[in-house]
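Quick notes on the structure that follows.
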Amino acid sequence: MQNIKTEFDSLLPPLKLDRRGFIVTTLAGGFTLAAGPVAAQTAIHTDSDGLVAGEVKIPVADGEIPAYRAAPAGKTGLPVILVVQEVFGVHEYIKDVCRRFAKAGYLAVAPELYARQGDPSRYQDTGRLMTELVAKVPDGQVLGDLDAAARWAAANGGSRARIGINGFCWGGRIVWLYAAHNPAVKAGVAWYGRLVGDTDPLHPTNPVDIAGQLKGPVLGLYGGQDAGIPLTSINTMKDALASGPAAAKASSFIVYREAGHAFHADYRPSYRREAAMDGWKHALDWFGRYLR
516 MQNIKTEFDS LLPPLKLDRR GFIVTTLAGG FTLAAGPVAA QTAIHTDSDG
566 LVAGEVKIPV ADGEIPAYRA APAGKTGLPV ILVVQEVFGV HEYIKDVCRR
616 FAKAGYLAVA PELYARQGDP SRYQDTGRLM TELVAKVPDG QVLGDLDAAA
666 RWAAANGGSR ARIGINGFCW GGRIVWLYAA HNPAVKAGVA WYGRLVGDTD
716 PLHPTNPVDI AGQLKGPVLG LYGGQDAGIP LTSINTMKDA LASGPAAAKA
766 SSFIVYREAG HAFHADYRPS YRREAAMDGW KHALDWFGRY LR
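Its first residue numbered 516, the sequence shown is counted upward by one per residue in the working numbering.
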């Protein structure tokens, strides 16, 4: 175990704390306004019975960020799943996903990755949210904060050797990037994350560019009717993975032909129950294969 700890710690850069005021210091309650009206008849609520669940603070390079954590109560050495938010931040849907993973035996932690740039819960318009906040969040910052979340999890009941990552939409893209970034990652599940597209100085890399650098295999769950992620981009990613190392070759896609974008988001009109439930089953099977 000591060898694993040393190896894990050597993979992540040391923290240098220089505390300053972050815009977001605590997680919002409920759902983000920009996501639209909540479809109360389908929104899933997972209770916290048998879990330790709630907000925590994670030390990062320049202070601390809020995060939601859920895990089976009284357990240690748990496999860890980093849960990466949709474009709307860590709101009730993402918190519930953490509790779902915890019910399956994982320590799940979802850091608020926009904490320095702004509060997504205050936006009512998705376009403004994207241009005024999301576009200003650097990939390098996100990857560093996820490193910090992995470190925090390992020190608070989680395993140092069994780390997975799960993300939706904006977070689905991050899953691919992080699986290439952190050698400790054993597996990832990317739900409808963009694979190709324009780049800029803050977002210099697309998943297709790092397909050959994956450290752990990724399962991609995508919708065949997703206008923003055409099947051609999925085929391009498949080709890139096929010529990569073992983790790339072990990666896989499932495309739900009748589903569109955000088909797992049970609180939105985009939700497709059959695809969402089947995708969740495959996600648990994937993590069970690589993290157990």
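Glycine included, every Cβ here is placed at the ideal spot set by N, Cα and C.
All figures in this text were calculated on a predicted structure; none of them were measured in a lab.
Proline 719 and aspartate 654 have their C-alpha atoms spaced approximately 8 Å apart. The beta carbon of lysine 572 sits closer than 8 Å to the beta carbons of Glu579, Ile580, Pro581 and Ala582 from its chain, once the five residues preceding and following it are set aside; these are given in chain order. Under the criterion of beta carbons closer than 8 Å, alanine 585 and alanine 558 do not qualify as touching, at roughly 17 Å. Distance from the CA of alanine 650 to the CA of leucine 729, rounded to the nearest whole angstrom, comes to 25 Å. Contact annotation: the stretch 723 to 737 touches the stretch 758 to 769, with at least three C-beta pairs closer than 8 Å.
Within the DSSP bridge table, the entry for asparagine 681 names Val598 and Val704 as partners. With the rule of 3 Cβ pairs closer than 8 Å, the stretch 694 to 707 does not count as touching the stretch 620 to 639. Note: valine 612 is not bridge-paired with any residue in the DSSP secondary-structure output. Under the DSSP assignment, lysine 572 falls in the beta strand (DSSP E) whose first and last residues are 566 to 575.
Residue pairing by DSSP puts histidine 718 in a beta bridge opposite Asp715. Pairing glutamine 740 with glutamate 773 gives a Cβ-Cβ distance under 9 Å. Scanning Gly738, Thr747, Arg614 and Ser758 for the CA closest to the CA of alanine 777 turns up Gly738. Judged by DSSP in its simplified three-state form, glutamate 607 adopts helix. In this structure, tryptophan 801 and alanine 702 form a Cβ contact; the two beta carbons are roughly 6 Å apart against a cut-off of 8 Å.
The alpha carbon of leucine 658 has as its nearest neighbour, out of Ala668, Gly679 and Val690, the alpha carbon of Val690. For serine 674, the CB contacts under 7 Å within the same chain, skipping 5 residues up- and downstream, are Gly592, Leu593, Pro594 and Val595 in chain order. Contact between the stretch 599 to 613 and the stretch 536 to 546 is established, with three or more Cβ pairs separated by less than 8 Å. Leucine 593 carries a strand assignment under DSSP once its states are collapsed to helix, strand and coil. A direct Cα-Cα distance of roughly 34 Å separates proline 722 from leucine 566. According to the DSSP assignment, alanine 761 belongs to no beta strand (DSSP E) but to the alpha helix (DSSP H) extending over 761 to 765.
Remark: C-beta atoms of isoleucine 749 and leucine 710 approach each other more closely than 9 Å. When only Cα atoms are considered, serine 563 and arginine 614 end up about 7 Å apart. Listed in chain order, the non-local C-beta contacts of lysine 590 below 7 Å within the same chain comprise Gly672, local neighbours out to five positions each way being set aside. Note: leucine 622 is bridge-paired with Val595 in the DSSP secondary-structure output. The criterion of a C-beta distance shorter than 9 Å is not satisfied by alanine 755 and alanine 742.
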